[in-house]
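Numbering (the working numbering), first residue to last: 8 to 305.
Cβ coordinates follow ideal geometry from the N, Cα and C atoms, glycine included.
Here the structure is a predicted model, which is why all the values come from computation and not from measurement.
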Ligand code: KIV
């Protein structure tokens, strides 16, 4: 059955945990779907993991559309949520709606995600009314890194915790089908999860959330520029990749790859003998065709 925003609601009602991972390409999307991951997020974290920026601020609508459509082609049953990049929804409700529509039409998302609480509720409301499922994102919101003063745990004071709860109520009221809780103390994330109807998806929010998400390069040990405390490495694919790259490099340099198994045979080897008459020695490196090679042809 195809996973949709509705599936999320049903899973929360049944007390089933929701698994999500970020995803940015077709091949990985297919692997995640085969593994039974409930939904994938084409996160603007691709600015860090795929494009090498120090933050997510430079990611464009075109980036999100290209990566979103690639992931969507790899998912037949898995819900694909596409992130709205920085400044694609903050300026006006109208612009937010147009851009959310593009992420659905051109990026092939089944839902969009945007960062912020009460301040972005007019946008959420307009999208929900237009039939666009919206995932909200509160707590640490990386697009506001300059306003927040860095990647810090949020909701630590009484006032901040109250604001977080109010934001969760606000996005639910505005029509969000789910909300990401990033980098907040685990007991607060559990409290918020119990307080609202829509499922919460935690990243650095502890075990009391209704679901979890991680950046896939983080959980596979492929991205080591910075490793947040909440990341568990479920495999060290980065190490496996480096070893494979080294082995390849060594085999190419030792001329042991490609071997016969990985090469194509010629139907008639004598063809090359006939082709010898066509050689132009002055075109070869060093002005002559390697005599040892020519001798081997006979
Ligand atoms: O962009 C992203 O990957 C995200 C997740 C960390 C929730 O927003």
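{"Check": "Opening and closing residue of the beta strand (DSSP E) in which residue 48 lies", "Outcome": "46-49"}
{"Check": "Cross-strand partners of residue 269 (DSSP beta bridge)", "Outcome": "None, per the DSSP bridge assignment."}
{"Check": "Nearest to residue 200 (by Cα), restricted to the options 191, 217, 211, 184", "Outcome": "217"}
{"Check": "DSSP bridge partner residues for residue 172 (one or two, in chain order)", "Outcome": "In the DSSP output, where bridge partners are listed per residue, residue 172 has none listed."}
{"Check": "Through-space distance from residue 248 to residue 226, alpha-carbon basis", "Outcome": "14 Å"}
{"Check": "Where residue 120 falls: helix, strand or coil (DSSP)", "Outcome": "strand"}
{"Check": "Backbone secondary structure at residue 86 - three-state DSSP", "Outcome": "strand"}
{"Check": "Secondary structure of residue 161, DSSP reduced to three states", "Outcome": "coil"}
{"Check": "Residue 51 CB to nearest heavy atom of ligand 1 below 7 Å", "Outcome": "yes"}
{"Check": "Residue 219 (DSSP reduced to helix, strand or coil)", "Outcome": "strand"}
{"Check": "Chain-order list of residues whose beta-carbon lies under 6 Å from that of residue 307 (same chain, five-residue window excluded)", "Outcome": "The structure shown has nothing for residue 307, since the chain only spans 8 to 305."}
{"Check": "Stretch pair the segment 106-116 + the segment 36-48: three plus CB contacts closer than 8 Å", "Outcome": "no"}
{"Check": "Range of the contiguous alpha helix (DSSP H) that encloses residue 81", "Outcome": "68-81"}
{"Check": "Contact between the segment 119-134 and the segment 176-190 (3+ Cβ pairs under 8 Å)", "Outcome": "yes"}
{"Check": "CB contact flag (residue 191, residue 171, <8 Å)", "Outcome": "yes"}
{"Check": "C-beta atoms of residue 189 and residue 150 nearer than 8 Å", "Outcome": "no"}
{"Check": "heavy atom of ligand 1 below 7 Å from residue 90 C-beta", "Outcome": "yes"}
{"Check": "Near ligand 1: residue 25 beta-carbon under 7 Å from a heavy atom", "Outcome": "no"}
{"Check": "Residue 91 in three-state terms, based on DSSP", "Outcome": "coil"}
{"Check": "Distance between residue 271 and residue 13 (C-alpha atoms, nearest Å)", "Outcome": "51 Å"}
{"Check": "Own chain, CB closer than 8 Å to residue 241, minus 5 neighbours either side, in chain order", "Outcome": "226, 227"}
{"Check": "Coil, strand or helix - residue 189 by DSSP", "Outcome": "strand"}
{"Check": "Residues of its chain near residue 230, where Cβ-Cβ distance is below 8 Å and the 5 sequence neighbours each way are ignored", "Outcome": "55, 56, 222, 224, 245"}
{"Check": "Distance CB(residue 78)-CB(residue 32) smaller than 8 Å", "Outcome": "yes"}
{"Check": "Check: residue 220 C-beta below 7 Å from any heavy atom of ligand 1", "Outcome": "yes"}
{"Check": "Cutoff 7 Å; reference residue 15; Cβ partners in own chain excluding five residues on either side", "Outcome": "25, 184, 185, 206"}
{"Check": "Nonlocal neighbours in the same chain, by C-beta distance under 7 Å from residue 294, ignoring five residues either side", "Outcome": "288"}
{"Check": "Straight-line gap, residue 266 to residue 300 (C-alpha atoms, nearest Å)", "Outcome": "18 Å"}
{"Check": "Residue 203 CB to nearest heavy atom of ligand 1 below 7 Å", "Outcome": "no"}
{"Check": "Straight-line gap, residue 277 to residue 283 (C-alpha atoms, nearest Å)", "Outcome": "10 Å"}
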